[in-house]
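To keep things clear, I will list the structure first and then write my remarks on it.
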Amino acid sequence: MLAPCSSVLDHYYVRTTGNCYGVIVGNDHTPYYYIGYLKYCPSSGETYWWDGVFFYERLVKIYEPFQVYKHAVLKEYIPFYDAYVPIIPISAVNKVYDPRVRAEELIVKPVDALEAKASSLIQALQDCTGLSSGIGVTGSILPRIHNPAVSDIDIVVYGWRESLKVMECVRESDMFQSFPEPMLIEWSSKLSETTGLPVEDVRKLYRKYRRGLFNGALYSIMYVSHQGGNVLSKPPFRTLGGTILSGVVKGGLEALSYPSRARLESYRVLESSIEPPYDVVEIQSFETLYTPILFEGGNILVGGLLQCSSRLGSCRVLIGGVEGKGFVKPTS
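The sequence shown begins at 0 in numbering that gives the first Met the number 0 and counts up by one.
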């Protein structure tokens, strides 16, 4: 029996009837479909990814909102986002993969060099934080199609208490290393190309608690709340145009989940295709590059889609939408 929509969370994987593997996006879904996209499907030729039966082709080469949207076969309109979003019908899902269960398996019995490194990383986090649950492993390791020679270690932490403990551990522990300069240049350059931000602005958004090196292996760490729900029960928004604001972001834990959310304490409209009919109260971002600044808070310059809800009587700025990438820049 498949899990209800409220218990399938961000970065879970699913296997579909066509033996494809899909990635769950965010915590809010519907009783009929999950918000997510197919990432790996069986290939006719040999590839890096193999599960012992099939070789798999990676459909989405770059994890970037527009690329995910472009490669998604199925989409549905979600009033809360005022957009068509990629979906995976629940009726097409054969199996759901929980990253926390897979992490427990790795600790007990890693079967290759990459799994051994992932097991050591998870145990290091547990020892450092005192956590016995909440830490999972996602990416190609989760459905066991990874390639030890090329795959990275993608960690996901569920729960705000757990997330804060892990962030503090990674910040302070020498076991987790920041990118050396050549890697930081490469990372910044790639994201500069996909986001349109100058390289120097991208560099300011690098954080060791999001990505780095552990025993020579690349890792990324995502942070997710325990809470899931029905996205169709959320208030509808309408996109009115584009806007650029300067303001102060309050910061907080909601920015860690996907999509990131951050409250605006104050703002000033610099440019806008339409006057906001209500107060602009928050920023919502589908681009994970901006997670650190939205979480940490401070003075920012933000450009994106102006979306407003008559039910709530408020507006927000959406970043990373298909209609426009937008940006967030720290200004202090």
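Think of the CB as a built atom: it goes at the ideal place given N, C-alpha and C, for glycine as much as any other residue.
Predicted model, so just to flag it, every value in this text is computed and none were measured.
Expected contact under 8 Å - CB spacing of residue i and residue j to nearest Å
| i | j | result |
| --- | --- | --- |
| Tyr333 | Ile154 | The chain is shown from 0 up to 331; residue 333 falls before or after that span and cannot be answered. |
| Leu141 | Tyr96 | 5 Å |
| Asn18 | Phe53 | 6 Å |
| Lys328 | Ile299 | 6 Å |
| Val223 | Val149 | No, Val223 and Val149 are not in contact; Cβ-Cβ is about 26 Å, not under 8 Å. |
Residue burial classification, residue i (beta-carbon count within 10 angstroms, cutoff 16)
| i | result |
| --- | --- |
| Asp111 | exposed |
| Pro85 | buried |
| His10 | buried |
| Ala351 | With the chain represented from 0 up to 331, any question about residue 351 goes unanswered, as that position is not in the structure. |
| Ser331 | exposed |
| Thr16 | exposed |
| Arg101 | buried |
| Arg315 | buried |
Collapsed DSSP secondary structure at residue i in the structure displayed
| i | result |
| --- | --- |
| Gln226 | coil |
| Lys94 | strand |
| Thr29 | coil |
| Lys74 | strand |
| Met0 | Note on Met0: pLDDT 43, under 50, position unreliable in the model; the coordinate value appears next. Note: Met0 maps to coil in three-state DSSP. |
| Cys307 | strand |
| Gly323 | strand |
| Arg99 | helix |
| Asp153 | strand |
| Arg206 | coil |
| Tyr289 | helix |
| Val198 | helix |
| Glu45 | coil |
Cβ-based neighbour list, residue i, same chain, cut-off 6 Å, excluding 5 preceding and 5 following
| i | result |
| --- | --- |
| Pro379 | Not covered by the structure: residue 379. The range shown for the chain is 0 to 331. |
| Pro88 | Tyr32 |
| Gly302 | Ile243, Gly325 and Phe326 |
| Gly25 | Asp9, Ile34 and Tyr257 |
Cβ neighbours of residue i in the same chain (closer than 8 Å, five flanking residues each side left out)
| i | result |
| --- | --- |
| Tyr266 | Leu244, Ser245, Gly246, Val247 and Val279 |
| Pro197 | Ser191 |
| Ser272 | Leu239, Gly240, Gly241, Thr242 and Leu305 |
| Gly350 | The structure shown has nothing for residue 350, since the chain only spans 0 to 331. |
Contacts around residue i, its chain only, beta-carbon distance under 7 Å, and the 5 residues preceding and following it disregarded
| i | result |
| --- | --- |
| Gln122 | Ile106 |
| Gly323 | Gly241, Gly303 and Leu304 |
Any non-hydrogen atom of the ligand NAP closer than 8 Å to residue i Cβ
| i | result |
| --- | --- |
| Gln176 | The model depicted lacks the ligand NAP and carries no ligand whatsoever. |
Which residues DSSP lists as bridging residue i, in chain order
| i | result |
| --- | --- |
| Cys40 | Glu56 |
| Asp278 | Ser313 |
| Leu212 | Gln176 and Leu217 |
| Ala261 | Ile282 |
| Leu300 | Ser245 and Lys328 |
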